[in-house]
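In this note's numbering, the protein residues as written are 1 to 381.
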């Protein structure tokens, strides 16, 4: 069985996965801004799907998948696609997700870095579409994907997975102090929770940015800084990244004194999965109050002028099919978008918020840098 160190590596990569120059956007990981996004309507995506029959044998066709460094898929699952399609899949890791997207934009649509891109999330969604890099293609099975994840009716980018950034808390610590865990973002400003919270810097951390967006979604662009000033007055701690916050500053790590940490809604389930039987129930819980979490959705698309466009479309078909979708939870610790995909048993501990924060992809693209700069002035200066 994989170790908890593996989880640390995966989640650290996920924590960086949405970051980009000059500012970042996890995990695992990992609120759906669908209400504020108006899907485009033309041109229509390709409707004729490529054949799923095995390709004629010969030299395998190399398919290049450009992605971020935290992309993971089981070797056996990938091998099944290669065998069925007489293909060899090359995974071209290109830094964190934002950096990978920037590289693709610099290369341009005329000279794509590969055939498929995976890893654009909703914090960089509008930027990706404005760059006009992707060919409309609606994969087989895409109709089953819930509409709240489909941000582009042209299917230039197809949703693949989603995950929520939330507050985790140390169950044993709160029981030992006879103190109720926080239930909302407002609770964190109360005196009884003074010096208990550690967050990540949104300029250097994906979950840090996601939590900042949750506060903007809840309090609005006009008042979110007032909330953060209250957190500062209540002695919030700020770490540069997820790993430092989760494994150094938290009480459950045995190294820190902060029983509340910004992490992922799947983190409690992952603690059970990687405990080698130590835990039968999670040692941590989630704060799932209204707008207390932010949902990250990851997308994939076929590059315009892809060298192997037909094979790339087959790969997108594969990515939304149950075989690949069921591999996602134990590889990237996020949820599959295909509702027919079965979840592993330990995911019964992976909660999802009913009302995650809503911030539109266009609003994020237009204001991300300004929001982070204002946060830095209010919290760190």
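Ideal Cβ positions, reconstructed from N, Cα and C, are used throughout, including at glycine.
Within its own chain, no residue has a Cβ closer than 6 Å to the Cβ of residue 354 once the five positions on either side in sequence are excluded. Residue ranges of uninterrupted beta strand (DSSP E) with 3 or more members, entirely inside the segment 160 to 231 and ordered along the chain, are 197 to 200. The residue among 149, 361, 302 and 88 with its C-alpha nearest the C-alpha of residue 213 is 361. When DSSP states are grouped into helix, strand and coil, residue 355 belongs to the coil group. Within the DSSP secondary-structure output, residue 336 pairs in a beta bridge with 161. Here residue 121 is bridged, per DSSP, to 298.
Under the DSSP definition of a beta bridge, residue 285 partners with 169. Here the segment 337 to 355 lies against the segment 138 to 157, with 3 or more beta-carbon pairs under 8 Å apart. The DSSP assignment places complete beta strand (DSSP E) segments of no fewer than 3 residues inside the segment 228 to 252 at 237 to 239, in order along the chain.
Comparing C-alpha distances from residue 99 to each of 118, 89 and 87 shows the shortest one belongs to 118.
According to the DSSP assignment, residue 87 belongs to the beta strand (DSSP E) that extends over 87 to 93.
For residue 306, same chain residues with a beta-carbon under 7 Å away, outside a window of 5 residues either side, are 112, 115 and 312 in chain order.
Proximity to residue 371 across 301, 216 and 271 peaks at 216, based on C-alpha coordinates.
Linking residue 242 to residue 266 through their CA atoms gives a straight-line distance of about 14 Å.
For residue 317, the closest C-alpha among the options 61, 71, 81 and 62 is that of 81.
Between residue 287 and residue 135, the beta carbon gap of about 41 Å keeps them out of contact (Cβ cut-off 8 Å). Counting of Cβ neighbours within 10 angstroms places residue 344 among the exposed residues, the total staying below 16.
By the neighbour-count criterion, in which 16 or more other beta carbons inside 10 Å mark a residue as buried, residue 201 falls on the buried side.
Here residue 197 has 188, 236 and 260 as same chain residues with Cβ atoms under 6 Å from its own Cβ, once five neighbours each way along the sequence are excluded. Residue 359 holds the alpha-carbon nearest to the alpha-carbon of residue 218 among 359, 379, 376 and 381.
Here the alpha carbon of residue 148 sits roughly 16 Å from the alpha carbon of residue 300.
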